[in-house]
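Protein chains: 2
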Amino acid sequence: MDRDWVLHVMDTVSGFSRGETGITRLALSPEEMQARSYVTGLMQELEMRIRVDAIGNIIGRLEGTDPAAAPVCVGSHLDSVPEGGRYDGVLGVVAGLAAIRRIIKEGHTKHPLELIIFTAEESSRFGFATMGSKAMAGIADLKAWGKAKDSQGIGFLEALAAVGFLPDQIESASRIGEALHAFVELHIEQGPVLEDAGLPIGIVEAIAAPTRLKIRVEGTPGHSGTTPMDSREDALVTAAQIILAVREVALSRYGEGTVGTVGNIKVNPGVMNVIPGLAEMWVDIRGVDHDSIVETVQELKDEISIIAEAEGTTVAIEVLTSDKPVRLHQSVSAAVEQACKDLKVSYRRMNSGAGHDAMHMAALCPTGMIFIPCARGISHNPEEFAAPDDIMTGIDVLTRTLRSLAE
Amino acid sequence: MDRDWVLHVMDTVSGFSRGETGITRLALSPEEMQARSYVTGLMQELEMRIRVDAIGNIIGRLEGTDPAAAPVCVGSHLDSVPEGGRYDGVLGVVAGLAAIRRIIKEGHTKHPLELIIFTAEESSRFGFATMGSKAMAGIADLKAWGKAKDSQGIGFLEALAAVGFLPDQIESASRIGEALHAFVELHIEQGPVLEDAGLPIGIVEAIAAPTRLKIRVEGTPGHSGTTPMDSREDALVTAAQIILAVREVALSRYGEGTVGTVGNIKVNPGVMNVIPGLAEMWVDIRGVDHDSIVETVQELKDEISIIAEAEGTTVAIEVLTSDKPVRLHQSVSAAVEQACKDLKVSYRRMNSGAGHDAMHMAALCPTGMIFIPCARGISHNPEEFAAPDDIMTGIDVLTRTLRSLAE
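Structure, rendered in structure tokens:
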């Protein structure tokens with residue numbers, strides 16, 4: 000049974016994990032290398048031709064009936080965040096393999112098919128996300144990556160070399176100028192939209208890009224017992240108002256698909272008997288409409304000025320990153336939509352709030368993404384769950400999409 | 000010159016410090032032991048008789064003209080917080096010594112005088128404050144102190160033994176039942192009240208006690224890009240509202256002298272692309288009116304319930320400590336006030352927001368405190384500063400107070 004095979008492969012990959020809680024399979028770790036070997040073995044069973052590029056992206060190719068045709072690519076990643084879930088990334092790899100397995104059984108396509116397993120999609124280990132797909136898209140940041148280290152002090156280049164990849168040839172992983180016919184990535188939604196709507200498929204139109212701010216509030220430290228309430232310049236009280244302003248501003252722009260989150264705050268000196276003299280916050284603003292993001296950030300800056308002035312504190316805002324949202328391609332979305340219609344599967348068009356390897360592949364060739372629901376939108380967490388029925392529906396839609404693109 | 004001697008002694012004690020920033024002279028550290036030796040030497044020059052009790056409190060005694068009279072005590076501590084200032088504690092010791100030095104020159108009192116240097120007033124090293132004065136007041140918490148360790152893993156009892164004190168006889172440091180005539184402590188205010196009012200002396204009527212809460216907010220972690228603004232249960236957004244509620248409730252009770260501070264917050268997972276699932280806050284509520292503190296905490300709990308319900312998050316409140324404020328004695332305050340009047344020094348009666356050794360001495364004998372201003376209320380900080388003129392005014396008032404109490 001096809002379904003049993005898929006669930007067995009998913010289970011087996013989940014076994015390559017470190018620790019007791021959830022899935023920990025960091026990029027280039029022994030656990031990820033084991034998962035790569037296992038999936039590579041499955042590709043070889045299907046008589047796919049395997050090559051690994053300099054940064055460790057695995058490309059498994061199934062030839063089509065036309066030797067001159069450009070490949071239709073599908074793929075995702077096998078690395079995870081620490082204590083993450085079983086589905087993020089892995090499902091896209093396994094779904095791609097399952098689709099190719101069906102296509103082999105049901106008759107080869109004209110175009111070749113390629114299953115790509117990207118290196119280091121998660122930023123957890125080295126601080127940079129989607130490194131493999133960036134290298135493939137020719138936008139490797141060799142200077143910054145050369146300095147990237149994990150929490151153990153192991154450098155990214157060192158880690159690549161240690162498992163036999165070629166850190167000094169990363170630029171050779173670029174496929175710019177190569178004819179690629181299309182790229183499709185299947186992924187769990189990582190949000191609650193499909194589950195809430197009771198829909199099994201989301202067709203991604205655009206991938207949101209984050210603007211990341213570091214906000215530093217300087218107040219005046221003082222003794223918590225001896226400083227009257229009306230002579231305080233409490234950095235944390237200012238920070239609290241900024242946290243609420245982030246929400247208010249994002250809520251007011253919600254129709255534009257822009258969201259805002261304060262993910263972390265640190266206080267100095269951070270002891271019970273001292274009024275906080277310093278608070279630092281990390282803010283993530285993202286959406287698919289670049290103008291909306293720019294306006295949200297500006298509106299937030301205006302709000303912060305008002306708060307800081309009223310509180311007598313000093314606030315500095317540093318823009319850490321400001322990426323542009325990526326639109327995916329109508330030609331691929333249309334193929335996914337037609338597959339849904341043919342299979343009588345309900346769907347909606349939607350955006351992706353999270354980044355994916357697909358956003359870099361979109362610079363190389365027509366690209367699309369297929370989302371399936373995950374329970375309560377939870378991801379990057381041991382509780383991450385996708386229902387087997389939804390997984391199989393996703394594979395049905397992916398298979399039909401690949402076949403139509405590759406015919 | 001008396002003034003030169005005081006400033007020279009203050010400077011010399013400041014030299015016993017570790018590191019480059021501010022003063023670091025942790026309890027029982029080599030630096031504090033050096034400061035103790037230096038001050039003990041000064042007491043010996045004045046032919047005071049020195050004894051050291053089991054917990055290391057140093058008691059230097061100058062006999063009076065009546066061998067049967069109970070001693071009038073003065074004192075403070077020599078230990079500091081990490082990267083603290085030059086005045087907290089030290090000034091009370093040096094001022095006491097300067098006062099005794101004057102009294103020797105100007106003619107002995109009827110009652111003996113004792114200068115007490117208390118062990119471990121700051122909680123920085125072992126996690127417990129005012130350990131020496133607690134032991135003297137017979138309220139040593141032997142069970143808890145037996146487990147107390149510093150950040151290097153050195154136990155409090157071990158540290159006492161290492162410098163020659165007697166950890167297994169701590170109870171013998173109690174002076175319960177012993178006739179003590181009075182205790183006076185001079186200290187920098189550690190708040191901005193005197194400086195703002197342009198007054199050189201504060202007479203302390205009560206010492207505030209802290210009620211400390213740990214507030215834990217549980218929300219639901221989620222991806223910062225994929226979770227719509229209206230389906231979030233963001234623990235940090237709830238926490239921000241609680242931080243503002245602490246301020247609002249404390250401001251509304253300000254006339255009662257009660258203040259409230261959130262000194263620290265920690266967020267989990269605390270990464271930029273995840274909505275905080277957990278936020279923990281440490282709150283310090285203190286004042287000199289116990290009923291006001293109780294009502295403030297209750298009002299805060301009510302506010303928190305409303306916030307938590309509106310946000311769909313769960314909030315747990317743990318009361319870590321809840322001490323009662325300490326009233327100081329009118330007989331001693333009156334002596335300080337008369338000294339101010341005699342010397343034509345302006346003053347105000349006020350409360351202490353910070354804890355001091357005096358609050359435990361108040362259980363043994365009539366006790367008072369004299370505050371002098373410190374710049375911008377800053378304490379526990381390298382910028383801590385008290386003006387030499389204010390220091391000398393404080394010593395004048397202290398000397399006259401001790402003489403009148405000891406006559």
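If you read the protein sequences in the order shown, they are chains C and F. Position one of the first sequence corresponds to residue 0 (numbering that gives the first Met the number 0), numbered consecutively onward. Position one of the second sequence corresponds to residue 0 (numbering that gives the first Met the number 0), numbered consecutively onward. We treat Cβ as the ideally placed atom computed from N, Cα and C, and that holds for glycine.
Scan the segment 272 to 295 of chain F for residues whose Cβ lies nearer than 7 angstroms to a Cβ of chain C and list them as they occur along the chain. Listed by position, the residues of the segment 272 to 295 of chain F near chain C (Cβ gap below 7 angstroms) are N272, V273, I274, P275, W281, D283 and R285.
Thinking C-alpha only, which one of C:R285, C:Q240, C:V258 and C:S321 is nearest D301 (chain C)? Comparing Cα-Cα distances from D301 (chain C) to each of C:R285, C:Q240, C:V258 and C:S321, the minimum goes to C:Q240.
Rounded separation between E217 (chain F) and E279 (chain F) - CA only: About 9 angstroms.
Name the chain F residues that come within less than 8 angstroms of T23 (chain C), Cβ to Cβ? By Cβ distance, chain F contributes nothing, its closest Cβ being about 13 angstroms from T23 (chain C), past 8 angstroms.
Three-state secondary structure assigned by DSSP to S223 (chain F): Per DSSP, reduced to three states, the secondary structure at S223 (chain F) is coil, with no helix or strand assignment.
Per-residue burial, S79 (chain F) [other beta carbons within 10 Å of its own, 16 or more giving buried]: S79 (chain F) counts as buried, since at least 16 other C-beta atoms from the protein chains shown sit within 10 angstroms of its C-beta.
Taking contact to mean 3 or more Cβ pairs, one atom from each stretch, closer than 8 angstroms, check whether the segment 290 to 310 of chain F and the segment 209 to 216 of chain F are in contact. Contact holds: three or more Cβ-Cβ distances are below 8 angstroms.
Beta-carbon contacts of D65 (chain C) that lie in its chain and below 8 angstroms, excluding the five residues immediately before and after: The residues are K109 and H110.
Can the beta-carbon of E30 (chain F) be found closer than 7 angstroms to that of S13 (chain F)? Not a contact, by the Cβ cut-off of 7 angstroms.
On the DSSP bridge list, what partners appear for P209 (chain C)? Among the bridge pairs identified by DSSP, P209 (chain C) is matched with C:R285.
Using DSSP's beta-bridge definition, name the partner residues of M47 (chain C). Paired residues: none, contrary to the question.
Interface flag, Y86 (chain C) vs chain F, CB-CB below 7 angstroms: With 7 angstroms as the cut-off, Y86 (chain C) does not count as an interface residue toward chain F.
Return the CA-CA distance between G88 (chain C) and E317 (chain F), expressed in angstroms with no decimal places. The alpha-carbon atoms of G88 (chain C) and E317 (chain F) are separated by roughly 40 angstroms.
Taking the Cβ atom as the reference point for each residue, do E188 (chain C) and P324 (chain C) lie within a distance shorter than 7 angstroms? E188 (chain C) places its beta carbon 7 angstroms or farther from that of P324 (chain C).
Quick one, are the C-beta atoms of M130 (chain C) and R174 (chain C) less than 7 angstroms apart? Against a cut-off of 7 angstroms, the Cβ pair of R174 (chain C) and M130 (chain C) comes out as no contact.
H435 (chain F) lies in the alpha helix (DSSP H); which residues open and close that run? The first residue shown for chain F is 0 and the last is 406, placing residue 435 (chain F) beyond what the model contains.
Is the segment 383 to 397 of chain C in contact with the segment 155 to 171 of chain C, if contact means three or more CB pairs nearer than 8 angstroms? Taking a contact to require three or more Cβ pairs closer than 8 angstroms, the segment 383 to 397 of chain C and the segment 155 to 171 of chain C do not qualify as touching.
Please identify, using Cβ separations under 7 angstroms, the residues of the segment 261 to 272 of chain C that lie next to chain F, in order along the chain. Cβ contacts with chain F: V261, G262, N263, I264, V266, G269, V270, M271 and N272.
Please list the terminal residues of the continuous alpha helix (DSSP H) segment that includes F155 (chain F). For F155 (chain F), the uninterrupted alpha helix (DSSP H) segment begins and ends at F155 to A161.
I'd like the span of the alpha helix (DSSP H) that includes R2 (chain F), first residue to last. Where R2 (chain F) is concerned, the enclosing alpha helix (DSSP H) stretches over D1 to S13.
Which chain C residues sit within Cβ distance under 9 angstroms of G352 (chain F)? Near G352 (chain F) (Cβ distances below 9 angstroms), the residues of chain C are H222, S223, G224, T225, T226 and P227.
Less than 7 angstroms between CB atoms is the rule here; does P381 (chain F) satisfy it with respect to chain C? So no, P381 (chain F) is outside the interface.
Strictly below 7 angstroms CB to CB, what residues from chain F border A207 (chain C)? For A207 (chain C), the residues of chain F that pass the 7 angstroms Cβ criterion are G224, in the order they occur in the chain.
Using 8 angstroms as the Cβ pair cut-off and three pairs as the minimum, do the segment 177 to 188 of chain C and the segment 362 to 372 of chain C touch? Touching, yes.
So, is H76 (chain C) buried or exposed, given that buried needs 16 or more other C-beta atoms within 10 angstroms? Per the 10 Å Cβ criterion, buried.
Give me the chain F residues within the contact set of E188 (chain C), using Cβ-Cβ distance strictly less than 8 angstroms, ordered along the chain. In chain order, T225 make up the part of chain F whose C-beta sits under 8 angstroms from the C-beta of E188 (chain C).
Against G376 (chain F), what residues of chain C qualify as contacts under a CB-to-CB distance less than 8 angstroms, listed in chain order? Those are G221, H222, T225, T226 and S230, listed as they occur along chain C.
Taking Cβ-Cβ distances shorter than 8 angstroms, what residues in chain C pair up with R246 (chain F)? Those are M228, D233 and V236, listed as they occur along chain C.
Meets three-Cβ-pair contact criterion under 8 angstroms: the segment 41 to 61 of chain C and the segment 95 to 104 of chain C: Touching, yes, given that three or more Cβ pairs across the two stretches are closer than 8 angstroms.
For V38 (chain F) and V5 (chain F), which I take to be in contact (beta-carbon distance under 8 angstroms), what is that distance rounded to the nearest angstrom? Incorrect: roughly 13 angstroms between the Cβ atoms, too far for contact.
Nonlocal neighbours in the same chain, by C-beta distance under 7 angstroms from S330 (chain C), ignoring five residues either side: If we look at S330 (chain C) and ignore the five residues flanking it on each side, its Cβ neighbours are P365.
Length at least 3, wholly inside the segment 9 to 96 of chain C: the beta strand (DSSP E) runs in chain order: List check, beta strand (DSSP E) in window: 48 to 51, 57 to 61 and 71 to 76.
CB-CB under 7 angstroms to I394 (chain F), same chain, minus the five flanking residues each way: which ones, in chain order? Scanning its chain for C-beta atoms nearer than 7 angstroms, with the 5 sequence neighbours on each side dropped, one finds around I394 (chain F) the residues V5, A94, A97 and A98, in chain order.
Specify whether the segment 304 to 318 of chain C and the segment 262 to 271 of chain C touch according to this definition: at least 3 beta carbon pairs, one from each stretch, less than 8 angstroms apart. Contact fails: fewer than three Cβ-Cβ distances are below 8 angstroms.
When we look at the beta-carbon of M358 (chain C) and count the other beta-carbons within 10 Å, is it buried (16 or more) or exposed? It is buried - the Cβ of M358 (chain C) has at least 16 other Cβ atoms within 10 Å.
Any C-beta of chain F sitting closer than 7 angstroms to the C-beta of P191 (chain C)? Chain F contact via Cβ: present.
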